[in-house]
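Only one structure is covered here, and it is reproduced in the block below.
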Amino acid sequence: MAVETPNLFPPLDFEKEMKRWKHVFQVLNEPEPKIGHTPRNEVWKKNKSVLWHYPAKQKKYAIPLFFVYSLFNKPYILDIAPKASVIEGLTNRGYEVYLLDWGEPGFEDKNIGLDTYIQKYLRTAVKRALRHSGAEEITLVGYCLGGTIASIYASIAEEPIKNLIVATVPIDFSTIVGPDKWAEGLKDGTINVDRFIDVFGVVPPAYVEGMFRAVSAPIYFSNYTMLLNRAHDSRYVDKWRRMNKWTTDQVPFAGEAFRQLSNDLFKENKLVKGELMIGDKNANLKNIKANMLVVSSSNDNLVLEPQSLPIMDLISSEDKTYKLVEAGHVSLALTGLFAVVVDEWAASRSNPL
Amino acid sequence: MTTNRPYDPYDSFKKYSELWEKQINDFIYLWTNNSEFVKMSKAGAETQSRYLEAFRKNQEALAGVLNIPTKNDLANVATLTIQTEEKIESLEEQIWDLQDSMKTQSKEIETVVEVSKEIIKLTKQLKTELVKTKKELADSKNIQSELQEMKLELSKLNTFKDEFEILKNLIEKDKREEPILAGAGSAK
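As they're listed, the protein sequences go chains A and B. The first sequence maps to residues 0 to 352 in numbering that gives the first Met the number 0. The second sequence maps to residues 0 to 187 in numbering that gives the first Met the number 0.
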């Protein structure tokens with residue numbers, strides 16, 4: 000009668016469970032992790048926007064990098080954690096890095112449109128960075144919507160832009176992620192943001208987050224179960240906390256800019272057609288002659304590859320490269336992989352000292 | 000059925016949660032991805048906008064009566080500050096331009112100063128050389144005058160020589176005439 004007794008209660012790793020719950024309570028109770036560790040100094044400030052300068056550890060390249068981040072979310076994703084930070088990676092590799100932080104628009108900034116952002120903020124910031132660094136040329140690096148803004152700016156810029164790097168950039172809005180009927184509604188004018196913006200002035204952060212949620216996953220809780228599942232690993236918990244802080248830390252969106260984004264880009268796709276007007280200038284991508292690197296990430300579920308790819312045929316640069324990287328929309332910056340990609344391409348084009 | 004792996008209740012929980020999440024989202028996607036939903040959301044957004052608009056208008060009116068500022072008033076004040084900031088910025092840029100032009104000018108001036116310094120050096124050299132030549136000229140003049148004197152003296156000497164010659168001739172004449180005179184005397 001030697002029947003093996005089934006082990007109804009498999010052994011429980013007590014220590015692991017203790018660690019798990021300790022970390023979970025930490026996440027719940029402790030203050031949010033400190034972010035932005037790379038030494039930097041303020042070069043210029045205007046309204047809510049700040050131009051930061053991250054000095055190179057040992058300067059190896061004459062041409063500095065100028066980061067233009069998206070108007071959605073905050074740019075500290077580029078400097079999220081020690082050793083995984085894109086900016087830290089680049090300063091360690093010998094680049095002078097400038098970052099334009101758009102800041103959080105308030106109700107008084109409801110009239111700031113894309114043209115104001117480009118002409119009065121980005122252009123001035125580039126000028127300041129050029130003057131501050133004493134360099135004769137500059138490399139623009141645009142991430143996500145920042146890439147779209149950088150490309151628009153580069154097409155009307157008078158400043159000496161030698162290289163233009165855009166990553167996970169939406170250029171062609173004929174394909175949009177999210178339910179196709181919504182896209183259809185947006186194109187035929189059923190969904191119109193004009194009235195909404197007239198009332199709200201600036202788009203509140205909750206709405207911005209809601210919009211992203213709606214197109215990707217309206218109900219989203221697997222990140223919490225994922226945390227619970229791996230909470231015994233303190234490194235994972237640290238990474239999770241930083242990522243969670245960033246994703247929930249949304250910024251309001253200036254109304255006029257949102258209107259232009261929605262009407263001129265999403266609805267009428269003017270950038271690809273070459274009809275976009277910035278102030279009195281026609282922002283035609285054909286005018287871009289700078290050396291160009293376009294980076295797309297293969298697992299991107301927010302900006303699809305067909306949205307970035309058309310820029311390659313629209314620009315008139317002679318030196319242009321397209322690179323598909325194995326990463327997601329955010330993980331490209333989150334893991335610091337972007338620094339490697341930028342360095343590989345920019346090293347030979349940044350006038351090594 | 001026995002496993003040596005420690006019991007991890009969260010693993011299956013995670014798997015189920017992911018499944019639920021995906022199913023719910025797929026359901027929502029199916030439920031919302033139609034033109035009826037889009038139209039409905041449009042109607043909803045319009046109603047909300049209208050309602051909010053009316054509410055804001057009333058607020059403004061009420062705030063006007065109560066004499067208190069609203070968000071709009073504050074925004075207007077903030078815009079003024081931003082405008083001032085922009086003006087200061089443009090001033091700063093103009094100062095930069097001025098600085099730049101000053102720098103280039105001062106550089107130009109420096110080069111001019113250097114050139115003029117060299118010119119001064121050259122003129123000084125020329126001056127000393129001029130003094131030298133003047134001195135030499137004076138010397139040569141002196142020599143000339145001395146030469147002239149010498150010439151004069153020489154010419155004087157020449158006349159003296161002539162006179163001497165005449166005298167010599169005379170003496171010789173005298174000498175020749177004397178014996179005749181002696182001869183004549185003896186003959187007497």
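Virtual Cβ for every residue (Gly too), placed ideally from N, Cα, C. A quick note: this is a predicted structure, and the numbers were derived from the prediction, not measured.
DSSP-derived helix/strand/coil call for Leu98 (chain A): strand
Extent of the continuous beta strand (DSSP E) to which Thr320 (chain A) belongs: Lys319 to Val324
Under 8 Å by beta carbon: chain A residues contacting Asp10 (chain B): Asn228
9 Å Cβ cutoff, Ser130 (chain B) in contact with chain A: Residue identity differs from the one stated: residue 130 (chain B) is Val in this sequence, not Ser. No, because no Cβ of chain A sits closer than 9 Å to the Cβ of Val130 (chain B).
Unbroken alpha helix (DSSP H) run spanning Thr138 (chain A), endpoints: Per DSSP, Thr138 (chain A) belongs to no alpha helix (DSSP H); it is in the beta strand (DSSP E), Ile137 to Tyr142.
Residue range of the alpha helix (DSSP H) that includes Leu50 (chain A): Counting along the chain, Leu50 (chain A) falls outside any alpha helix (DSSP H), though it belongs to the beta strand (DSSP E) covering Ser48 to Tyr53.
Tyr68 (chain A) (DSSP reduced to helix, strand or coil): coil
Trp95 (chain B) versus Asn283 (chain A): straight-line alpha-carbon distance, rounded: 31 Å
Span separating the alpha-carbon of Ala230 (chain A) from that of Trp20 (chain A): 7 Å
Start-to-end residues for the beta strand (DSSP E) that takes in Leu163 (chain A): Ile160 to Ala166
Alpha helix (DSSP H) segment containing Lys38 (chain B), residue limits: Ser34 to Leu65
Residues that Thr78 (chain B) contacts on chain A, provided the C-beta gap is smaller than 9 Å: Glu107, Asp108 and Asn110
Residue burial classification, Lys73 (chain A) (beta-carbon count within 10 angstroms, cutoff 16): buried
Status (buried if at least 16 other CB within 10 Å, exposed otherwise) for Asn228 (chain A): buried
Beta-carbon contacts of Ser154 (chain A) that lie in its chain and below 7 Å, excluding the five residues immediately before and after: Ala282, Asn283, Leu284, Asn286 and Ile287
Chain B contact residues for Arg194 (chain A), given Cβ-Cβ distances below 9 Å: Ala44, Glu45, Ser48, Arg49 and Glu52
N-terminal and C-terminal residue of the beta strand (DSSP E) that Ser296 (chain A) is part of: Asn290 to Ser296
DSSP-derived helix/strand/coil call for Glu29 (chain A): coil
Residues that Lys44 (chain A) bridges to, as DSSP identifies them: A:Val49
Exposed unless 16 or more other CB atoms sit within 10 angstroms - verdict on Val192 (chain A): buried
Within chain A, the residues that Ala74 (chain B) reaches when beta carbons sit closer than 9 Å: Gly105, Phe106, Glu107, Asp108, Lys109 and Gly200
Contact the region 106–114 of chain A vs the region 65–80 of chain B: 3+ CB pairs below 8 Å: yes
Sub-9 Å separation of Pro38 (chain A) and Ala134 (chain A) beta-carbons: no
Ala186 (chain B) burial status per 10 Å Cβ neighbour count (16 or more: buried): Because Ala186 (chain B) sits at a pLDDT of 45, beneath the cut-off of 50, its placement in the model cannot be relied upon, and the following sentence gives the value as read from the coordinates. Its Cβ having fewer than 16 others within 10 Å, Ala186 (chain B) is exposed.
Asp281 (chain A) - DSSP class collapsed to helix/strand/coil: Correcting the residue type first, residue 281 (chain A) is Asn in the shown sequence and not Asp. Here Asn281 (chain A) sits in strand by DSSP.
Residues, ordered as in the chain, of the region 31–53 of chain A that lie near chain B by beta-carbon distance below 7 Å: Lys45 and Asn46
Terminal residues of the alpha helix (DSSP H) in which Gln22 (chain B) lies: Pro8 to Thr31
C-alpha gap between Gly184 (chain B) and Thr158 (chain B), whole angstroms: For Gly184 (chain B), the predicted model reports a pLDDT of 49, less than 50, meaning its position is unreliable; a value from the coordinates is still stated below. Gly184 (chain B) and Thr158 (chain B): Cα-Cα distance of roughly 38 Å.
Residue-chain proximity (Thr127 (chain B), chain E), Cβ-Cβ < 9 Å: Structure shown: chain E not included; protein chains present are A and B.
Near-chain B residues of the region 59–83 of chain A (beta-carbon distance less than 8 Å), N- to C-terminal order: none
Below-9 Å beta-carbon distance, Asp7 (chain B) vs any chain A residue: yes
Cβ pair count under 8 Å reaching 3, the region 212–229 of chain A against the region 15–34 of chain B: yes
N-terminal and C-terminal residue of the alpha helix (DSSP H) that Gln306 (chain A) is part of: Glu304 to Ser307
Contact check, Asp114 (chain A) vs Ile277 (chain A), beta carbons under 9 Å: yes
Environment of Gln306 (chain A) [buried if 16+ CB atoms lie within 10 Å]: buried
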